[in-house]
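A.B. asks:
In the numbering used here, the protein residues as written are 9 to 142.
(1) With DSSP collapsed to three states, give me the class of residue 102.
(2) Give me the Cα-Cα distance between residue 128 and residue 53, rounded to the nearest whole angstrom.
(3) Pull up the DSSP beta-bridge partners for residue 24, would you.
(4) Can residue 27 and residue 104 be called in contact, C-beta distance under 7 Å?
(5) Going by other Cβ atoms of all chains shown within 10 Å of its Cβ, with 16 needed for buried, is residue 138 buried or exposed?
(6) Reducing DSSP to helix, strand and coil, say where residue 141 ends up.
(7) From this set, 41, 25, 67, 50, which residue's C-alpha is nearest residue 136's C-alpha?
(8) For the alpha helix (DSSP H) containing residue 34, list its first residue and its last residue.
(9) Using a 10 Å radius around the Cβ and a threshold of 16 neighbouring Cβ atoms, would you call residue 93 buried or exposed?
(10) Out of curiosity, what's the CA-to-CA distance linking residue 90 and residue 50?
(11) Measuring only the C-alpha atoms, how far is residue 36 from residue 65?
(12) Report the residue from 98, 115, 109 whose alpha carbon sits nearest the alpha carbon of residue 22.
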């Protein structure tokens, strides 16, 4: 029979691969740099790491669904969950990265302008499953 085409939304990734966090240590350094505002580095890094793990798990489920005979609502629901999980984590990481670029993240218009011009690509998020295995 004919092989179904994979859903390319998550197989082709967009962004500026030179702007973004490549690994956990870079994220940690950025979070530490913003800690004058907050006191709980461990909690922030734990939350970010858990979100990244969740994205990786949902992505694996999404890939599994693509190659199985599952009903459309499972596929659609998993795809939506994956997109929401990625968006949430990328939004948080973009704020930390924007601070490193001297952007006042309280000024939403300034943050959005920076995001549009720099299009961060966080290798740490997009390839978490691979990077976390070393």
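Ideal placement from N, C-alpha and C gives every residue a C-beta, glycine not left out.
C.D. replies: Here's the rundown:
(1) helix
(2) 19 Å
(3) 128
(4) no
(5) exposed
(6) coil
(7) 67
(8) 32-41
(9) buried
(10) 25 Å
(11) 22 Å
(12) 98
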